[in-house]
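Colleague:
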Amino acid sequence: SSCVVNKPSDECKFRIKTTNTGHRLGDEVVMVFFKPTHVDGQQQASLAGTPVLMKQLIDFKRITLAPGSSRDLVFDVKGHQLGLIDEDGNRVLQKSAFDIIFSRGFYEEGLQIRVPIKVNTEKQHMLSPFNHKWW
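Going by this note's numbering, the first residue of the sequence shown is number 737, and it counts up by one from there.
1. Please give me, in chain order, every unbroken run of the beta strand (DSSP E) with length at least 3 that falls completely inside the region 802 to 853.
2. Does the distance from the C-beta atom of residue 798 to that of residue 765 stay below 8 Å?
3. According to DSSP, which residues form a beta bridge with residue 788?
4. Let me know if residue 805 comes out buried or exposed under the rule of 16 or more other beta-carbons within 10 Å of its beta-carbon.
5. Nearest to residue 809 by CA position, among 749, 742, 744, is which residue?
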C-alpha cells in the first residue's frame with residue numbers, strides 16, 4: 737500500500753514480517769531507505785537545479801531469530817525524514833514522491849520491498865536552514 741504525507745509531522749506506519757528460514761539462530765538487520773522518484777512533478781534528476789540523492793538510509797532494526805521463527809518489525813516514517821536539500825543548502829519538505837525501500841542493505845531478488853509514498857504539500861516546509869556558509 738502507499739501513503740501520503742502533507743506536513744513534516746505526518747507519519748506512515750509500515751509492518752515488515754521477518755522470518756528465519758534457516759536451521760540456526762540468526763541475526764538480521766532490516767534497513768529502511770528513501771529514494772526520490774519525482775520532485776515537484778519532475779523525475780528525480782534535480783531539485784531546482786540541485787542534484788538529488790540516489791537513496792538515503794532513514795532507519796534500521798537488528799533482530800535475533802530462532803530457527804523457523806518470525807517477527808513483525810514496525811517502522812514509522814515521518815514527513816521530516818523525507819526532506820531534500822534545496823539550492824541554498826536548506827533541508828526542505830516539498831511536493832515529491834519516493835519509494836520507501838526495506839532491505840538487507842544490498843539488492844537480492846525477492847528480499848527487497850518497495851512502497852510508494854507521496855508528499856502532497858502545496859508549500860515548501862523548512863526543516864532545517866543552512867547557516868554554515870563558508871564563502
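From the three backbone atoms N, C-alpha and C, an ideal C-beta is built for every residue, glycine too.
Modeller: So, from the data block:
1. 806 to 814, 827 to 829, 832 to 839
2. yes
3. DSSP lists no partner for residue 788.
4. exposed
5. 749
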